[in-house]
Amino acid sequence: MLSITKSLRVRLPGVSPAAIGGTLATRVLATAMSFAAGVIAARELGVQGRATFAVMMSVPGVLSVVTVLGVDNANARFAGTSHTAFRQIVRWSVAFSLVAGSVLPGLWLLLGHLWPVVLLGVPFPLAVVVAAMCPVALLTTLLGMAEIGRGRVAMYNLVSTVPAACYLAGVCGLLAAGSLTPAGCFLSALAGQLVCAGVLLIAAITRVHADGEPLSAHTFGKFAIRTYLPDLIQYGMLRLDVPLIHMLAGATAVAAYAVALPLAEGLLLLPTAVGLVMFPAVTSGAVEARATARIARTVFAAAALAAATAAAAAPLLIPAVYGQPYSGAVPVIWAILPGLVLFSAARSIQPYLAAVGLLRPVIAATALGAIVNIALLLALTPHYAAVGAGVADSAGYLVLATLVGRGTQLGVRARQGLTAESAIEEGPAGPSHPSAGRWSVKTVGDRLRSACPRPVGSGLARREPMVVAGLLTAAGAACLAAVYRPAAGLVVIALACLMIRDAGLYVLAAAIPLSQSGVGASLITPSVLGALMLICLLGRVAGSRGIARPKLIGVLTTVGTVGYMVVAGNVLGDTDVQGANTWQYLLLVCAPLFLLPLVAEPGRALDRALLLFCCGSVILAVIEIVHVDSIFATRTDLAPAVTAAVAMTQEAAANHNAVGALFVMAAAVLLSRYPAARGRLPRLATGTGVVVLALGVAYSLSRAAYLAGITVVAAYALRRSMRGIVALGLGAVCLLPLLPAAIAARFGTMLGGGTMDADSAVRLDLWSSALRMFEDHPAFGVGYLNFARELSAYYEVTGDYEVMLLQLPSLSFAHNTYLTVLSQTGLVGMAGIGSLAVFGARRAWRAIRSGDSAGEAALLAMVGAGVCSLFGEVLLVPPLLAGLMLITLAAKPDRADVPSPPPVPARASAEVAVAR
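Written out as structure tokens, the structure is:
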């Protein structure tokens, strides 16, 4: 027993293992009583009743956390300074609870009275009772933290079990009386909160410290506000899911999530207990940076062990305790646990950061983690219910913890650098020691930085726990993907992109051609592609590289053009921009314009990403060739032109216009790289890729891609010798007889000489309709995405086809990007989009003049995409726009614009010299 105690003291330096054990034991006891009461309620109330009760219990907790404004942390910080300050804190807590604890619940009731959906399915009389609990819950939280602040952890532990005990006793009594209802269970919990508040008010009479100076309200409030935001977001990432899941997936998903939530939250008991004991120890200087790092590693190891045990026991425990209807909560638990493991370690670091004034990394990491959590929650919950919410929680916690670790490392190193520079300016001196006396929060950071050498930074942010937790999260998500939903495997990719340098850019480049395949179209949707771009941005921030810095004129033009498109759709065309489809389409189309300039910049990483883009396109071309050729082989009974039409309209076939444009852009990249390829093998591979992509263009059966391919090859040959032009021409002539008859027939319809097919006739009529729209609305157009609504008034049939077979409301574009932009946004919109195209072409031309082959690739790709845009809207397909932007951003317009490695500081050079 003594050896265990000694080992714990080594692993938990500066804090009392007995205090942590007592706090943990009372937390476990309270959780166990709440768990038992929840099991009884779940069995007796049923799924619907359990869901209603879960919402009723979550609302006071959520509202209390929102309205606390960091006062709980300030109570813990200042309650131990003097008895005078403690009495002030008690008075402020009571007044604050009555005012702040009533305003937000009152607003919730008012909105619920006007719009009942705001009450989340809770009847209005019960909602009044729920609102009455909010001030009481807030008061118990504030008084409890004040008791911790003045060192009475045992009192806090004892009182914290009262609400759970009253809740369990009330539920058991109602069960025995046969009147167990959601309202009765909630009244039991309310009674427990009232008893706890009364006990804490009585305990506040006891004097612990001597009288002292009054507490400054300004100092108190400033500290509270600084610690408020991280706690609010971290709590909301788990608890706010309940109302969101209810709105997105219904009561059944809420019931499954509510069952999984207590078991998952059990992992946070240990870091919470450690944080409660650590906070006063850190503020007094008893726990320093290296001790915090050791404590965080210990908490991480314990949380990982507990998570593995819970994951293994969940399939047996949940059905046995709650019943078979709740077995769906097992994969929810598996989804939540990995992220909570890493968050447990990060949570243990926060008391130290708050004490030494390094809250900025916590705030930034918490905000980014919340963004990832909410984005995945909205994307996954409608499709995967509670499991999707669990995956979103885990991913958000992983991002938060990773960024906290990285931010802490950078912050400590920066402060060490300032200390080292001050020491150099002052000259050599002996080792400094803190002066005698009690350490204050104001000086503890400086004392720690002067007392601890460089190992402080490495100790605080060691990468081993982060890497292990990342692997644990990836493994958990992979198991979830294999057992529950294959699409959840995308979460594994997302986590790897956040943890590995430039992985997000590589995955994005490979996902672009995959999204245009028959199989990948359902996997890599535009929303997933947009999420990948956002993950690339978060990965750059997590890797401390910051964002790329596009030119201001380009940013302003992009923002102005997109903003005008929104106005044109909303004001001019009366489009319902609040509709989900309109907003989603607009955001997905504009995502590459906004995000890619922030994550992609000229350099080796983007060059490798474009190589992956080309390899993926070559593989897709091979698949497309085999697939189309198999159709040709099985439909020999049809005429060649009919066979080509059948191949284009197959159910599993990809969009032939988009695929053809993709192959043209990839071929432009490989053509520009071919002259610079060194060695026989690279040149052979590049040349083979160009040939395969050329065949892919032929088998795409897209006449727009045929014209674009010819134009790209001609533009490429113009910059070469006449011998190269002759060789290309001879190769094309020799290749034509080898192509199937269906491709030759498709190519023949482009050359003319016969009757115009129905598709071409409809396209010409659409072009004429778009021109008539532009004539009537030349300045601003008919409004973005209002082409289909206005088409019936402008459409005139001039070709030989049956107009009744057309579905005019479904024709949202003119099958010509330029006419689509003119008709919908007028000259103003065309000026904005044209300016962006000019910026890209100017960038490519400047790169060509500086001798960069990426500039030629960008110009050729833009030419190919521009020709394809004459016969379709390929650039309104987000993956193709993303691919074109990656190619354009790879061009180096000026060698001065290429980012160079940061200079080595003089101090670092001196350290290297000394080491030598």
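Take any residue in the sequence shown, note its place counting from 1, add 2, and you have its number in the working numbering. Even for Gly, the Cβ is constructed at its ideal location relative to N, Cα and C.
Please classify residue i: does DSSP put it in a helix, a strand, or coil?
| i | result |
| --- | --- |
| Phe615 | helix |
| Asp504 | coil |
| Pro552 | coil |
| Arg927 | Past the boundaries of the shown model lies residue 927; the chain is included only from 3 to 918, so the question cannot be answered. |
| Arg449 | Low confidence applies here, because Arg449 scores a pLDDT of 40, under 50, leaving its location unreliable and the question unanswered by this model. |
| Asp213 | coil |
| Gly82 | coil |
| Ile621 | helix |
| Lys894 | coil |
| Val879 | coil |
| His779 | coil |
| Pro19 | helix |
| Ala746 | helix |
| Leu122 | coil |
| Ala816 | coil |
| Leu182 | coil |
| Ala206 | coil |
| Phe873 | coil |
| Asn77 | helix |
Are residue i and residue j touching if we call contact CB-CB under 7 angstroms?
| i | j | result |
| --- | --- | --- |
| Ala309 | Leu263 | no |
| Gly146 | Gly82 | no |
| Val124 | Val68 | no |
| Leu838 | Phe776 | no |
| Leu278 | Thr28 | no |
| Gly691 | Leu672 | yes |
| Val2 | Ala367 | Residue 2 cannot be examined here, being either before or after the span of the chain that is shown, 3 to 918. |
| Val869 | Leu709 | yes |
| Pro184 | Phe55 | yes |
| Cys136 | Pro165 | no |
| Leu272 | Ile335 | no |
| Leu182 | Glu46 | yes |
| Pro317 | Val301 | no |
| Tyr796 | Arg765 | no |
| Gln78 | Ile150 | Residue identity differs from the one stated: residue 78 is Ala in this sequence, not Gln. Result yes, Cβ atoms of Ala78 and Ile150 sit closer than 7 angstroms. |
| Met535 | Leu597 | yes |
| Gln195 | Ala129 | no |
| Ala678 | Ser855 | yes |
| Leu270 | Gly341 | no |
| Tyr676 | Ala611 | no |
| Val601 | Arg542 | yes |
| Ala337 | Val389 | yes |
| Ala133 | Leu100 | no |
| Ala348 | Ala403 | yes |
| Ile91 | Ala148 | yes |
Round the Cβ separation of residue i and residue j to the nearest angstrom and send it over; I've been treating them as touching at under 8 angstroms.
| i | j | result |
| --- | --- | --- |
| Met864 | Gly885 | Met864 to Gly885, Cβ: 12 angstroms. No contact. |
| Ala707 | Pro642 | Between Pro642 and Ala707 the Cβ distance is about 18 angstroms, and since that is not below 8 angstroms, they are no contact. |
| Gly783 | Thr819 | With 8 angstroms as the limit, Gly783 and Thr819 do not qualify as a contact, their Cβ atoms being about 14 angstroms apart. |
| Leu370 | Ala394 | Contact flag wrong, Cβ pair sits at about 14 angstroms. |
| Leu141 | Ser95 | 6 angstroms |
| Val374 | Asn659 | Actually they do not touch by this definition, with Cβ atoms about 34 angstroms apart. |
| Pro515 | Gly618 | 4 angstroms |
| Phe789 | Ala833 | Not confirmed; about 19 angstroms, so no contact. |
| Glu603 | Ala550 | 4 angstroms |
| Val161 | Val201 | 5 angstroms |
| Leu787 | Leu813 | Going by Cβ atoms, the distance from Leu787 to Leu813 rounds to 12 angstroms, so no, they are not a contact pair. |
| Ala700 | Leu741 | 6 angstroms |
| Thr822 | Ala772 | 7 angstroms |
Using a threshold of 6 angstroms, is the CB atom of residue i nearer than that to any non-hydrogen atom of the ligand ATP?
| i | result |
| --- | --- |
| Ile621 | The ligand ATP is not part of the structure shown, which contains no ligands of any sort. |
| field | the stretch 849-861 contacting the stretch 883-896, beta-carbon criterion three pairs below 8 angstroms | value | Put simply, the stretch 849-861 touches the stretch 883-896. At least three CB pairs are less than 8 angstroms apart.
| request: Check whether the stretch 242-261 touches the stretch 296-315, counting contact only when three or more Cβ pairs, one atom from each stretch, lie closer than 8 angstroms. | output: No, they do not touch.
| said: Pairs of beta-carbons, one from the stretch 286-302 and one from the stretch 83-103, closer than 8 angstroms: are there three or more? | reply: no
| Is it true that the stretch 63-78 meets the stretch 208-227, where meeting means three or more beta-carbon pairs spaced less than 8 angstroms apart? | yes
| Three-pair Cβ contact test at 8 angstroms for the stretch 660-675 versus the stretch 616-636 | Verdict: yes, contact present.
| said: Measuring CB atoms only, is the stretch 28-39 touching the stretch 99-106, in the sense that at least three cross pairs come out at less than 8 angstroms? | reply: no
| query | Does the stretch 629-638 come within contact of the stretch 521-540, defined as at least 3 CB pairs closer than 8 angstroms? | reply | The stretch 629-638 is not in contact with the stretch 521-540.
| query | So, do the stretch 160-176 and the stretch 210-225 have three or more beta carbon pairs nearer to each other than 8 angstroms? | reply | no
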